[in-house]
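First up is the structure itself, then whatever we jot down about it.
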Amino acid sequence: MTTPDRIGQKSGLSRAFKVIILCVLWYASSSASNVINKIVLNDFPFAVTVSLAQYVTTLVLLVPLVRAWRLPKVSFSKHTLKWTILPLSFGKFFSLAASHFSISKVPVSFAHTIKASMPIFVLLLGRIIWREKQPVKIYFSVIPIVIGIAMATISELNFNMIGTIAAFASTIGFALQSLYTKKSLRDLNIHPHVLLQHLTFYGLFMLLTLWIFTDMSKIMEADHENLSVHSITVLLVISGICSLLQNLAAFSVMAIVSTVSYSVASATKRVVVITVSLLTLKNPVNALNVGGMVLACFGVFLYNRVKTNLRKIPVLPTFSSPPMRAA
Numbered sequence: 001m002t003t004p005d006r007i008g009q010k011s012g013l014s015r016a017f018k019v020i021i022l023c024v025l026w027y028a029s030s031s032a033s034n035v036i037n038k039i040v041l042n043d044f045p046f047a048v049t050v051s052l053a054q055y056v057t058t059l060v061l062l063v064p065l066v067r068a069w070r071l072p073k074v075s076f077s078k079h080t081l082k083w084t085i086l087p088l089s090f091g092k093f094f095s096l097a098a099s100h101f102s103i104s105k106v107p108v109s110f111a112h113t114i115k116a117s118m119p120i121f122v123l124l125l126g127r128i129i130w131r132e133k134q135p136v137k138i139y140f141s142v143i144p145i146v147i148g149i150a151m152a153t154i155s156e157l158n159f160n161m162i163g164t165i166a167a168f169a170s171t172i173g174f175a176l177q178s179l180y181t182k183k184s185l186r187d188l189n190i191h192p193h194v195l196l197q198h199l200t201f202y203g204l205f206m207l208l209t210l211w212i213f214t215d216m217s218k219i220m221e222a223d224h225e226n227l228s229v230h231s232i233t234v235l236l237v238i239s240g241i242c243s244l245l246q247n248l249a250a251f252s253v254m255a256i257v258s259t260v261s262y263s264v265a266s267a268t269k270r271v272v273v274i275t276v277s278l279l280t281l282k283n284p285v286n287a288l289n290v291g292g293m294v295l296a297c298f299g300v301f302l303y304n305r306v307k308t309n310l311r312k313i314p315v316l317p318t319f320s321s322p323p324m325r326a327a
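Going by the UniProt record's numbering, 192 is the number at position 192 of the sequence shown; the sequence numbering is gapless.
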């Protein structure tokens, strides 16, 4: 006879297996997307166009997938559209465009080392937006991240100030997005893939507007004689497919696990992307540079570990003593 404990155990194992599969898909597609985008941007330096290609591919493939999965349709009120969906769409579009612009200027490994600073911005934004005060241990835990990024920055052989600023801007955008997307999934009671579809749809119009004012004229005026248009197109389509898989996996993991667990998974992904990019793109690095990357990634894991441990500490109840009565 199957007991409730065994049913719960099987359910837990099934959930854990699902998370592992999603994380493997997330890490693989993210690594492939970053490497392909860097290869494309080396010969085709139009970051907004790369972002636009990913958005178009994602939307073209995602719409029929959502219909095939028979996910429930949703309609948003004007208030929800104005104050939730459009801001999230802008955050997603801005973060992606800034990310692509950064890797067009600096190595993928360096850009993702900078993105390890996300916990710092999560702390700062939480303090600014929600007035959240964190224990002193939390603030001390991000010190290795700061030192690691500083080491990687001063030793970066292909340092570019604009690319570095873009990487930080992208990190701030992703930090805001992670804070509000989890909340929106809960408040709107919406399937993560349906939310992704809407964010991509509205973000596409924002990105298209930016593309018209930035890359369109440059592409028309550029000399493409030595450029293999067919190869670039194929790589952009593959990058778009990887981007779709990455988003589907990331949104699914976000909906299943806690915020802290998602942060750990995201930090692990960053380590994988940095490692894969160093092995495949072979950008020159020195010992101080690698040490900075390792220290920054270690800092992220330390931050998540401290945060997890603090959440496990029980809060003792407080009681107010009844007033003493005179005898």
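No residue lacks a Cβ here, since even glycine has one placed at the ideal position from N, Cα and C.
Assuming residue i contacts residue j under a Cβ cut-off of 8 Å, what Cβ separation, rounded to an integer in Å, is found between them?
i	j	result
Val50	Leu236	7 Å
Asn289	Ala152	6 Å
Gly173	Tyr55	15 Å between Cβ atoms; not a contact.
Thr259	Lys182	6 Å
Go ahead and pull the three-state DSSP assignment for residue i.
i	result
Arg70	coil
Ser258	coil
Asn289	helix
Arg131	coil
Asp187	helix
Leu230	The question names Leu, yet the displayed sequence has His at residue 230. In this structure, His230 counts as helix in the three-state DSSP scheme.
Thr214	coil
His79	helix
Asn37	helix
Lys282	coil
Asn309	helix
Phe44	coil
Leu125	helix
Phe159	coil
Glu221	helix
With a threshold of 16 other CB atoms inside 10 Å of the CB of residue i, please say whether the residue is buried or exposed.
i	result
His79	exposed
Ser77	exposed
Leu106	For the record, residue 106 in the displayed sequence is Val; it is not Leu. Classification of Val106: buried, given that the 10 Å Cβ count is 16 or more.
Lys38	buried
Arg270	buried
Phe44	buried
Pro135	exposed
Leu302	buried
How many Å lie between residue i and residue j at the Cα?
i	j	result
Ser141	Pro64	44 Å
Ile232	Phe93	22 Å
Ile165	Asn34	18 Å
Arg127	Gln177	16 Å
Val194	Asn226	41 Å
Val276	Phe168	21 Å
Leu59	Lys137	42 Å
Ser109	Asn42	15 Å
His112	Pro144	16 Å
Met254	Tyr27	14 Å
Measure from the C-beta of residue i to each C-beta in chain D and report whether the shortest distance is under 8 Å.
i	result
Asn286	Of the protein chains in the structure, only one exists, and it is not chain D.
Evaluate contact between the segment 205-220 and the segment 37-50, counting only Cβ atoms and requiring at least three cross-stretch pairs below 8 Å. yes
Within 8 Å, do at least three Cβ pairs link the segment 254-265 to the segment 93-109? no
The segment 115-131 in contact with the segment 83-90 per 3-pair CB rule at 8 Å: no
The segment 19-27 / the segment 246-256 touching (three or more Cβ pairs under 8 Å): Short answer: they touch.
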